[in-house]
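Engineer: Take our numbering: the final residue in the sequence shown is number 152, and no numbers are missing along the way.
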Amino acid sequence: MKNAVVILWALLLLGALNFLIWQKEKTVAEGRTVLLELAPRDPRSLMQGDYMVLRYKLASEIKEAPKASGLLVLKLDDRGVGTGLRLHQDGDLAADEQLLVYRDREGIQIGAESFFFQERQAKLYDNARYGELKVDPNGNSVLIGLRDKDLNLLGVPVIR
C-alpha cells in the first residue's frame, strides 16, 4: 500500500511538472512578442558566470503596486517595444496593448530576472538593451532572448 501511495504522488508530481512545461512551450509557440527595455545596472553585477542579471526599465518606473501581484497594461509600438501604461483594472484592451503579470517582491518583477547562456558566450550579450519575451493573453511571459539597441537578436537563436 505504501508503494502505491508513493507511486501515485510521483505520478501526480510528474503530471503537474509536465503541465507547467507544456504551458511555457505553448506561450513560446503562440505568444505575442514583446520587447522590454533593460535598465542600466552595475557592470560588476551584470555578468555572474554563465548568466546575466536583468532589470527592466519598466519595473523601475512603477513606484508602488497596490497588490503583491497583478497585471500591467503595456502599450506596444510598431516594433513590439512595450512601455508601461497602467495597472489593469477591468475592461478590454486596445489592439496595441498587452497584459503582463507583475509581482512585488522587494521591487517589481515582471519577467525573468536572469538570462542564462552557454559557457564563454558572455561577450555576445554585452550590448543587450532589450529583453525579448513571449507573452500569452493572460500576461504570463517567457524570456526567449536579448536584443541590442537596433533590435538585432544577440547570441544563439532560440527555436521559435
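Glycine residues also receive a C-beta, built at the ideal position from the N, C-alpha and C atoms.
(1) With a threshold of 7 Å on Cβ separation, who are the neighbours of Arg36 within its own chain once the five nearest residues in sequence on each side are excluded?
(2) When we look at the beta-carbon of Glu17 and count the other beta-carbons within 10 Å, is it buried (16 or more) or exposed?
(3) What residues are listed by DSSP as bridge partners for Gly123?
(4) For Leu91, collect the residues of the same chain with a Cβ closer than 8 Å to its Cβ; drop the 5 residues on either side in sequence, then sort them by chain order.
(5) Taking C-alpha atoms, which residue in Ser133, Asn119 and Gly147 lies nearest to Glu22?
(6) Would you kindly work out how many angstroms separate the C-alpha atoms of Ala(-4) and Leu4, rounded to a whole number?
Structural biologist: The short version:
(1) Any reading at Arg36 needs caution, since the residue's pLDDT is 47, under 50, leaving its predicted position unreliable; the model's value is listed next. Cβ neighbours of Arg36 beyond the five flanking positions: none.
(2) Burial call: exposed.
(3) For Gly123, the pairing in a beta bridge is given by DSSP as Leu28 and Leu138.
(4) Only residues of its own chain outside the window of five on either side were considered, and among them Leu63, Leu64, Val65, Leu66, His80, Leu85, Val127, Pro129, Asn130 and Gly131 have a CB closer than 8 Å to the CB of Leu91, listed in chain order.
(5) It is Ser133 whose Cα lies nearest to the Cα of Glu22.
(6) If I take the Cα positions, the gap works out to 12 Å.
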